[in-house]
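Here's the structure we're looking at; comments come further down.
Take a look at the structure:
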């Protein structure tokens, strides 16, 4: 008799433990619109929950844990918690949440904890509470925007070796990584340094630059359109390859001097030095002649 009671009690405990370990509700689908959200942008999350058991559940609460560094989102025009009184067996219900991404959020994949609370009836028709935790994810990203420009302080002189810098500016909201820059051959310009250069990572609202050594032919155009290939990846490792044109202004030596872009040689000091040298030579010659005359 005692063994039978013990077995019954153990069976009931096992049943209760099993119910707590195996939840009656299950997230069967999660979607977001848009699929990737930019910082400061609104996103709608749809969570589809199914009652996978053969009994009804009641007082179903679905709550999103928001506002932390790991979940930088806030409810927008709605609550972060949804409620229905009953979810019948084998039925599904979709819960929609409208969220806004915090403006300072960095790009990346963020996990949001979903707390699901509900009640079910035991064999005595008593409502028993149960809790389930799940994780969903949201991708925070935006279209990368890279721009290029040449260093305005560089003066490119025809017929000479020159150096100039190409600045790569990240004007988008997303960071970029593994940035490579490769100029393409253009008429009148020969690269003396390696063309393909690795830049690395460029954060949003930041820039980096790379310097090139080139030789400009005498007959090169006054304006050289230099094609440039940019290759990089965004925060989700999606690869981008973009073609851009860099406009380089070139000058003859005389043009650059006349425009004041480079200093003209100061010949005055050389003339003064020459006069002094000639005067010194003339003085020595005269002195030698006087000494010679005096000896005679």
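Residue numbers (my numbering): 198 to 493. All C-beta atoms in this analysis are idealised placements derived from N, C-alpha and C, irrespective of residue type, glycine included.
Please work out which residues of its chain come closer than 6 angstroms, Cβ to Cβ, to residue i, disregarding the five sequence neighbours upstream and downstream, and give them in chain order.
i, result
"residue 366", "344, 404"
"residue 391", "none"
"residue 381", "424"
"residue 309", "261, 268, 333"
"residue 395", "377"
"residue 358", "412"
"residue 299", "269"
"residue 400", "372"
"residue 235", "339, 370"
"residue 449", "355"
Between which two residues does the beta strand (DSSP E) containing residue i stretch?
i, result
"residue 450", "Unbroken run through residue 450 is the alpha helix (DSSP H), 450-455; no beta strand (DSSP E)."
"residue 305", "305-318"
"residue 250", "Neither: residue 250 is in no beta strand (DSSP E) and is coded neither H nor E."
"residue 505", "Since the first residue shown for the chain is 198 and the last is 493, residue 505 is missing from the structure and cannot be characterised."
"residue 349", "Segment: none, residue 349 is in no beta strand (DSSP E) and carries neither H nor E."
"residue 328", "324-337"
"residue 460", "It is not in any beta strand (DSSP E) - residue 460 carries neither H nor E in the DSSP assignment."
"residue 546", "Shown here, the chain extends from 198 to 493; a query on residue 546 therefore has no answer."
"residue 435", "That residue, residue 435, is in no beta strand (DSSP E); it is neither H nor E in DSSP."
"residue 229", "222-230"
"residue 284", "278-284"
What distance in whole Å lies between the Cβ atoms of residue j and residue i, which are believed to be in contact at a cut-off of 8 angstroms?
i, j, result
"residue 296", "residue 240", "5 angstroms"
"residue 447", "residue 355", "6 angstroms"
"residue 427", "residue 442", "Contact flag wrong, Cβ pair sits at about 12 angstroms."
"residue 315", "residue 255", "7 angstroms"
"residue 304", "residue 432", "4 angstroms"
"residue 453", "residue 444", "Wrong, their Cβ atoms sit about 17 angstroms apart, outside the cutoff."
"residue 360", "residue 409", "7 angstroms"
"residue 265", "residue 294", "Contact doesn't hold; Cβ gap of about 16 angstroms is too wide."
Tell me which same chain residues have a C-beta within less than 8 angstroms of the C-beta of residue i, skipping the five on either side of it?
i, result
"residue 311", "224, 244, 259, 260, 261, 262, 330, 331, 332, 333"
"residue 406", "348, 362, 363, 364, 365"
"residue 402", "367, 368"
"residue 474", "none"
"residue 230", "240, 241, 243"
"residue 221", "248, 249, 250, 252, 254, 315, 317, 327"
"residue 232", "336"
"residue 386", "411, 412, 413, 414, 417, 421, 423, 445"
"residue 341", "367, 369, 371, 373, 429, 431, 437"
"residue 273", "239, 295, 296, 297"
"residue 148", "Missing from the structure shown is residue 148; the chain here goes from 198 to 493 and no further."
"residue 457", "none"
Could you pull out every residue in the same chain whose Cβ sits closer than 7 angstroms to the Cβ of residue i, ignoring the five residues on either side in sequence?
i, result
"residue 307", "267, 268, 269, 334, 335, 337"
"residue 290", "246, 281, 284"
"residue 393", "377, 379"
"residue 292", "244, 246, 259, 279"
"residue 238", "298"
"residue 553", "An answer regarding residue 553 cannot be provided, because it is not within the stretch 198 to 493 covered by the chain."
**Asked** Does the segment 280-300 touch the segment 247-267, meaning 3 or more C-beta pairs lie closer than 8 angstroms?
**Response** yes
**At least 3 beta-carbon pairs within less than 8 angstroms: the segment 318-326 vs the segment 413-420** = no
**Prompt:** Which runs of the alpha helix (DSSP H) spanning at least 4 residues fall entirely within the segment 359-424, listed in chain order?
**Reply:** none
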